[in-house]
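Report on one structure; see the data block that follows.
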Amino acid sequence: MTDKKPVHRPIRSFVIRAGRMTAAQQRGIDELLPVYGIEAGDQPIDFEQVFGRVAPVFLEIGFGMGQSLLETVRSHPQFNYLGLEVHQPGVGGLLHQADSLGLKNLRVINQDATEILQQRIAPQSLDGLNLYFPDPWHKKKHNKRRIVKNEFVSQVAAAIKSDGLFHIATDWDDYAQHIIQVMQQSAAFKNVSPADFSDRNGRPVSKYEQRARRLGHRVYDMLYHKL
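Sequence positions in the sequence shown follow numbering that gives the first Met the number 0 and run 0 to 226.
See below:
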């Protein structure tokens, strides 16, 4: 009889929930993901190759249904944008709209962000990283699932160029305090947010944020400059 070592699975910051997709979302996955998507692999992404040009690259993690990312991509054609999202309805919907608008400066990955940061993003290759309204996992027993933790911040620091910006937004007071505490422990970033964390730095207002404000939630925009 042999002793088997226990398998330690990584704690995910997300849960894949099955859901119906509209015809447009399904078309986005079936027909457009091969066009706008970046295939799985274990080598750093060559941004010049996938975008067909040299331009600053910004990564958005967890773009949801893609409303904010789409507006950002449209408003800044001079920049390249890479969006990460694990939920296929959001990916399909974003790609359907991006194709309708003929956007050329967007690429999408339908995978876990931490795995992508570990394997596919070359050191010092991003000009900025945006993390808007990540799941707060507000129940105490679920706090360990929060994406913002020391290991994640170290991965972000490795990926962003010096003088780049790490922008985090949340509408949960407890999560905001958690993020502030974690970021204070990193020597790689300097907090450049105003005292009230009110500077959106051009971040579009999403339907999620509109609902949060109607519910009386305070929105924190936390801006960190990479040293």
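For every residue, glycine included, the Cβ atom is placed at its ideal position computed from N, Cα and C.
Write down the C-beta distance between Val-56 and Asp-126 rounded to the nearest angstrom, noting that I regard them as a contact closer than 8 Å. 6 Å
Assumed close pair Tyr-207, Leu-105 - CB separation to whole angstroms, cut-off 8 Å: Distance from Tyr-207 to Leu-105 at the Cβ level is roughly 20 Å; contact not present, criterion being Cβ atoms closer than 8 Å.
Taking the straight line between their C-alpha atoms, what separation do you get for Arg-19 and His-137? Between the alpha carbons of Arg-19 and His-137 lies a gap of roughly 26 Å.
Assuming contact is defined by CB atoms lying nearer than 8 Å, are Met-221 and Ile-179 in contact in what I supplied? For Met-221 and Ile-179, yes; Cβs fall inside 8 Å.
Given a cut-off of 8 Å on the beta-carbon distance, is the pair Arg-144 and Asp-172 in contact? no
Since Asn-190 contacts Tyr-223 with CB under 8 Å, what's their CB separation in whole angstroms? 6 Å
Which two residues bound the contiguous beta strand (DSSP E) that contains Leu-232? There is simply no residue 232 to check, as the chain begins at 0 and stops at 226 in what is shown.
Thr-21 (DSSP reduced to helix, strand or coil): coil
Report yes if the C-beta distance between Asn-109 and Gln-77 is below 8 Å; otherwise report no. no
Hey, how far is the Cα of Gly-51 from the Cα of Asp-45? 10 Å
Out of Thr-113, Pro-43, Gly-27, which one is the CA nearest neighbour of Gly-61? Thr-113
Kindly indicate which residue of Gly-82, Val-107, Asp-162 has the alpha-carbon position closest to the one of Leu-130. Gly-82
Rounded to the nearest angstrom, what separates Phe-239 and Ala-22 at their Cα positions? The structure shown has nothing for residue 239, since the chain only spans 0 to 226.
Tell me whether Gln-24 is buried or exposed, calling it buried when 16 or more other Cβ atoms sit within 10 Å of its Cβ. buried
Can you give the beta carbon distance from Lys-225 to Asp-162, rounded, assuming they're within the 8 Å contact cut? 6 Å
Leu-214, buried or exposed, once every other Cβ within 10 Å from all chains shown has been counted against 16: exposed
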